[in-house]
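Asks:
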Amino acid sequence: MSRMVWSLLLGLAVVLGAAGIWAGRVPQGSAGPPNGLPPAPAIGHPAPEVSLTTTAGETFALSALRGKPVVLNFWATWCPPCRAELPELQAAHERYAGEVIIAGVNQAEPPASVIAFAGQVGLSFPLPLDVRGDVSRQYAVRSLPTTFFIDRDGIIRRIQIGPVTEATLAQALQVIFP
Amino acid sequence: MLPILQIGPLALPTYPLALLIAFWTALEISSRIARRSRLDGDHLYNAGLYGALALIVAGRGAHVVAFWPAYRVQPGEIIGLNTQAFLWGPGAIIGACVAAWYIYRHKLPWAQVLDAAAAGALVGLIIAELGAFLAGNGIGAAAELPWAVELWGVRRHPVQLYAALGAALTLAATLWAARRGLRGGTAAWIGLLGWGVTTWLVEPFRAESATILGGLRTAQVIGWAAVIGALWALRTRAQRAQTPGGSSSRNR
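Chains as they are written, first to last, in the working numbering: chain A, 835 to 1012; chain B, 2 to 253.
#1: Excluding the five sequence neighbours on either side, which residues of its own chain have a C-beta within less than 7 Å of the C-beta of A231 (chain B), listed in chain order?
#2: The alpha helix (DSSP H) with G224 (chain B) in it runs from where to where?
#3: Could you tell me which residues DSSP pairs with A143 (chain B) in its beta bridges?
#4: Are the stretch 113-133 of chain B and the stretch 79-91 of chain B in contact at 8 Å, needing three or more beta carbon pairs?
#5: Suppose you measure from the CA of P960 (chain A) to the CA of I984 (chain A); what does that come to, to the nearest Å?
#6: Note down, in chain order, every chain A residue with its Cβ under 7 Å from the Cβ of E209 (chain B).
#7: Does any CB atom of chain A fall closer than 9 Å to the CB of W233 (chain B)?
#8: Helix, strand or coil: which one does DSSP assign to L1003 (chain A)?
#9: Can you confirm whether the stretch 964-973 of chain A touches the stretch 939-948 of chain A when touching is taken to mean that 3 or more C-beta pairs between the two stretches lie within less than 8 Å?
#10: Would G9 (chain B) pass as a contact of A55 (chain B) if the rule is Cβ separation under 9 Å?
#11: Contact check, L52 (chain B) vs V99 (chain B) under 8 Å by CB: the rounded distance?
#12: Which same chain residues end up closer than 7 Å to L214 (chain B) when comparing Cβ atoms and leaving out the 5 residues on each side of it in sequence?
#13: Use the C-beta contact count for S31 (chain B): other C-beta atoms within 10 angstroms, 16 or more gives buried, fewer gives exposed.
#14: For G938 (chain A), list the residues DSSP reports as bridge partners.
#15: Pull up the CB-CB distance for A142 (chain B) and A208 (chain B), whole angstroms please, since I reckon it's below 8 Å.
#16: In chain A, which residues lie less than 7 Å from P205 (chain B) when you measure between Cβ atoms?
#17: What does a CB cutoff of less than 7 Å around G186 (chain B) pick up in its chain, not counting 5 residues either side in sequence?
The structure is reproduced here in structure tokens:
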């Protein structure tokens, strides 16, 4: 191809490329809740409502926590990686008390065994009891532990499958609690 | 959507599995194409493996530096198996540097190496995008089109399939360049051009994009820069080939 054709191609690439980038830019202020998305256990979607009774006999309702970031962890006492991450979640609950809500949704276990286990380990954050497993199914939890990081507007911003460590918890919290 | 592959008692995360398959396939194809160019395919394999090892080590190292107060409390996690504890950006840069050092150290011809690596990388990209589609990663923006896919009650662009198609067309173009016996390195520049065009075209259809400078999509800017760079290089090479006494396509 001649020099002129190459130069024309280059010029077109510069101009059209820049125009395409400008046309495809993300509108400012669109970081807020997406309009019209249905609740779903997926990043960018509003988190499905959770309404369960905790080990303390209180009602845990996700909608009532709007305005604060929420770390929603799904776990069970029989799950070794779940047990391994509980100290990190407890430490985060104490460190961010009043600013970030840490909640551990127990999956389909008898309340008495969960209460006994929580006492042994020294857990003081809310432990909603998903006795029938309905919420776990609603959140499509296929392996334990699974943790959903929900921002102040109730939007899921990060999902972690597998245990959290001090470092990965700090990294994930940056997304919902910058 | 299939984020987890259940095989008996095993629950395998789909996307990481697809990335692993993509990586090994890319290495295998790159080394086979290298052998056709009378290069030692094992060198490309080794460069890829060393680069991947460096990616993992550097990615973990960067995570440790970024979150040092947490690792100081849990030093055992520095070598822990948590697959979330990596910063892939710095890891990729170091991995690429290590692979490049290997190629330099063994005095391999850059043009032929990049031609072989381009084809392998594009095959890997196709597999990775198909894996992302299956797993529901990197989803597309909402759309009401006949070919839109439904995810969580919303019909969306199958943006991963768009990217895979772009990579497939680019692969065809690079293989065509290689078969035509064009000057060494041309296939790699064509590969970069195709990747850049695909990225520039596809990124606006993604549901979420990293942005810079007030909303410009980062990947789209990088794709645009790749297109300009590749066109510039191809123009320069074509002009040199046309210059009296300049090099010809036999220079492979």
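C-beta: ideal position from N, C-alpha, C; glycine also.
Model, not experiment: these values are computed from the prediction.
Replies: On the basis of the coordinates in this document:
#1: W190, L193, L194 and G197
#2: T219 to Q243
#3: B:R157
#4: no
#5: 16 Å
#6: G878
#7: yes
#8: helix
#9: yes
#10: no
#11: Residue 52 (chain B) is actually Gly in this sequence, not Leu. Contact flag correct, Cβ pair sits at about 5 Å.
#12: none
#13: buried
#14: A:N907
#15: 5 Å
#16: G858
#17: A112, L115 and D116
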